[in-house]
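This report refers to the structure that appears directly beneath it.
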Amino acid sequence: MLEVVWLIPAFPLLGFLFILLFGRRLGEPAAGFVAAAAVFASFMVTVGVFFDLLSIDEHHRSHVVTLFQWVPVSSLQIDMALLADPLSVTMALFVTGIGFLIHLFAIGYMHGDPKFSKFFLYLNLFVLSMLMLVLGENLLVTFLGWEGVGACSYFLISFWHTRDSASTAGKKAFVTNRIGDWGVMLAMFLGFQAVGSVSYGVLNSAAESGSLASSTATGIALLLFVGAVGKSAQFPLYLWLPDAMEGPTPVSALIHAATMVTAGVFLMTRMNPMLAAAADWAPTIVAWVGALTALFAATIAVAQSDIKKVLAYSTVSQLGYMFLAVGTGAFVAAIFHMVTHAFFKALMFLGSGSVIHGMHHEQDMRRMGALRKVMPITAGTFIIGWLAIAGVPPFAGFWSKDEILLFTLARSPVLYVIGLVTAILTAYYMTRQVIMVFFGEAKWESQAEDNGAHGDFKPHESPPIMLFPLVVLSVLSVFGGIIQLPSFGIIPKGLRHRLEDWLHPVVAPGEAVISGTSAYDAKVWLALLAIGCAVVGIALGVLVYGRRKLRAIEPAILADGWRYDRSVSAFMGGPGRKMFDAIAWFDAKIVDGAVNGVATAVRSTSGSVRRIQTGNVRSYAGVIGIGVVLILVWFVVLRGVT
Amino acid sequence: MTPTTTWYLVLAALLFGVGVVGLMIRRNPLVMFMCIELMLNAVNLSFVAFAQAFTDISGQTAVFFVMVVAAAEVVVGLGIIIAILRRRPGTTIDDLAELKG
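So the protein lines, in turn, are chains A and Y. Residues in the first sequence are numbered consecutively from 1076, following our numbering. Residues in the second sequence are numbered consecutively from 7, following our numbering.
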């Protein structure tokens, strides 16, 4: 199967082309099923490749399939090549697997939409781009996918482009991502300048062998991190992700929770030897940006009233955890959390989609409540997602978050405390959401008269095609932790650290070794502490929103996201605008002025010179004659030629 | 009284002078064209005279080149002049001033 790894992106490409040509004729729901089938086929190939890799000896689990020469320009030789190794196959597995489930969900969710087939066109194009991103053998192929997912993200955020807010949000995402793309491009140029190649194998082995100057490695690692900050919505570029919720909910689940936003973490993991070869302060920056983003976004999430905004800020916060892991050298934990997060966050986004669908496109949580009675399956699966993200064992999120916190403590106690506080906040705001949506009193009953549109307003449970993905994802959210269980006494040896053994060939150069540290020795106590934090968070949430024993603290500044978005807008509208105007003036007057000045000078000179061209042939002949005489005089008299 | 090199050179200078003066004072394009030919051949004559005087073949070689170039020039130049005269009979060279600056 290894040789046909190209089939993995080929199926979504075929699906894309097919829907492009026949999408409108296929209509609903056939177009959706074609798209889902394409992704499922690619999932099956990925599973085949996975088992093939598994059967090979650990040190040879890296297979490059070169499709064709892409850029053959003297010393710049770039192939369109795919790389099948443990990391890329892990990514491809959950991209196609979760992608398939979300395609199924979307068939139900997008029911009745006039642009039904176009939606699946974009979804398949997205899956294709994402697979190119993770399977690429060099930075350029990855960058192709990187730009592809960015474009699809833009298309899908603005999918309902007649809504002003949706088209604005799409543009915002696109523009913000350009900053990150700039970083990736510069990293690519720097890498090529240093080693003459953009292939991961060449770059990473140069970093590993130490032949790369430490300053170059630092530059490449930090520029890639700039790209990751843009794509994975970290501070200060996270702004676009909450706005991206304007897109249809399956898009939020697939692109803005499970797959695309994790591309930054993937890239940092792929280039982990570079980060290891970089100066010591480079990973520290990554860790701090991650930790602060995690805390910052979690504080905003506690005061949001839009069901999807809570999940969006929660995603930013969880991505912060992943970067915290990357910065502390816990690459396995980062990938582990990426996978479990993809399970439970996709589950919760789809759950919220199911709620929005059932509530006739109402997204305000203050108008929900008691929905568990009318939507039992959605509620049940959402609660599983809640327990998973809150960090309650044995759900998936607990194991991955605990591993990140363990590595963090080994690195820095301050970061560990930030991580724990974030964990409490996470449990708190997710409890708040679950109670506001599914428990308490039903606030939608009074609403029927309010909006008047629906005479008998009653939320309803979603159709089976939407519930099936929820059930599958909830099973994964319960048992997902099994891929990387820690070495606690009660866990059988064969089940421990499966993911770590699998990823070992890829992450070995950058992975921090913490066995022997005091943090590692206390790991069971740390796990208990993490459980304690989760319980405290949940208990606080129940006291405030369930029992109403405590008053809710939802200051306006938090609901407004610490006014960060607003200040950026104010800056860009005020002083920033003036600065750009000044730059535009400089461009128009000085840069263009220089060019135009040359042209003006030439024109005025030629204007006076052209008078010589009289049109009188005899005067020309006379000038030539005089010229000849003068030259002769010069030769004979001045040079003295006889 | 045998002709010396000087005689040939004087003749060449006279022919050249006739050509120059003709070019300057006539306005008929065809006549001006003939004046140019006259100048070219005056130079040819001096070339040959010098070649004879210095017993050096390169003077005669140069003449061949001049004749070839002159032939090519006649083809193009005469073609243009005939075409112009056919369209506008009686055109003088001063009427052809479209490219005047």
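Heads up, the beta-carbon is just placed ideally off N, CA and C, and yes, glycines get one too.
Under a 10 Å Cβ-count criterion, L36 (chain Y) is classified as exposed, with fewer than 16 other Cβ atoms of the shown protein chains found around its own Cβ. Per DSSP, the continuous beta strand (DSSP E) segment holding I1153 (chain A) begins and ends at 1151-1159. Rounded to whole angstroms, V1336 (chain A) and K1568 (chain A) show a C-alpha spacing of 34 Å.
Where W1235 (chain A) is concerned, there is no enclosing alpha helix (DSSP H), because DSSP gives it neither an H nor an E. Interface residue (Cβ-Cβ distance to chain A less than 8 Å): D62 (chain Y) is not classified as such. Between G1702 (chain A) and chain Y, the shortest Cβ-Cβ separation is not below 8 Å. Under the Cβ criterion of 8 Å, I87 (chain Y) is not counted among the residues facing chain A. Counting only Cβ-Cβ distances below 7 Å, V1677 (chain A) has no contacts in chain Y at all, with the closest Cβ about 15 Å away. DSSP, read as helix, strand or coil, puts Q1508 (chain A) in helix. Think of a sphere of 9 Å around the beta carbon of R1693 (chain A): the chain Y residues whose beta carbon falls inside it are L29, M30, I31, R32, R33, M38, I99, D100, in chain order. Proximity of A1696 (chain A) to chain Y, defined by a Cβ-Cβ separation below 8 Å, is satisfied. Neighbours of V74 (chain Y) in chain A, taken as residues whose beta carbon is under 9 Å from its own, are absent, since the nearest beta carbon is some 22 Å off. Distance from the CA of A1631 (chain A) to the CA of L1129 (chain A), rounded to the nearest whole angstrom, comes to 52 Å. Taking the Cβ atoms as the reference, M1423 (chain A) lies roughly 6 Å from F1457 (chain A), within the contact range of under 8 Å. Only residues of its own chain outside the window of five on either side were considered, and among them V1414, A1417 have a CB closer than 6 Å to the CB of F1169 (chain A), listed in chain order. Under the three-state reduction of DSSP output, D1355 (chain A) falls in the coil class, being neither helix nor strand. Counting only runs of 4+ residues, the alpha helix (DSSP H) found wholly inside the stretch 1187-1258 of chain A occupies 1191-1210, 1214-1232, in chain order. Each of A:F1086, A:V1124, A:G1612 was checked against the Cα of M1076 (chain A), and the nearest Cα belongs to A:V1124. At a C-beta separation below 7 Å, V26 (chain Y) has these neighbours in chain A: G1700. Taking 8 Å as the cut-off, the Cβ atoms of E1478 (chain A) and A1421 (chain A) do not count as close. Counting the other CB atoms within 10 Å of its CB gives I1375 (chain A) a total of 16 or more, which places it among the buried residues. In this structure, T1344 (chain A) places its C-beta atom within 8 Å of the C-beta atom of V1401 (chain A). Judged by DSSP secondary structure, H1416 (chain A) falls within the alpha helix (DSSP H) whose first and last residues are 1406-1433.
Around the Cβ of S1150 (chain A), a 10 Å sphere holds fewer than 16 other Cβ atoms; the residue is exposed. Secondary structure at R94 (chain Y): coil, using DSSP grouped into helix, strand and coil.
If you ignore the 5 residues before and after N1279 (chain A), its C-beta comes within less than 6 Å of the C-beta of P1348, all in its own chain and listed in chain order.
From the listed residues Y:Y14, Y:I63, Y:G23, the smallest Cα separation to V1704 (chain A) is found for Y:G23. Judged by DSSP in its simplified three-state form, W1145 (chain A) adopts strand.
The residue from A:F1195, A:T1171, A:K1193, A:D1596 with its alpha-carbon nearest to that of V1209 (chain A) is A:T1171. Straight across, the Cα-Cα distance linking R1238 (chain A) with L1261 (chain A) is about 36 Å. As DSSP reads the structure, L1560 (chain A) sits in a beta bridge with A:R1571. When rounded, the separation of the alpha-carbon atoms in R1100 (chain A) and L1089 (chain A) is 17 Å. Contact between N1252 (chain A) and G1305 (chain A) holds, since their C-beta atoms are separated by about 5 Å, short of 8 Å.
Per DSSP, A103 (chain Y) lies in no alpha helix (DSSP H) and is assigned neither H nor E. Considering only A:L1545, A:P1534, A:M1205, A:D1355, the residue with the shortest C-alpha distance to R1486 (chain A) is A:D1355. The secondary-structure analysis by DSSP pairs S1274 (chain A) across a beta bridge with A:N1213.
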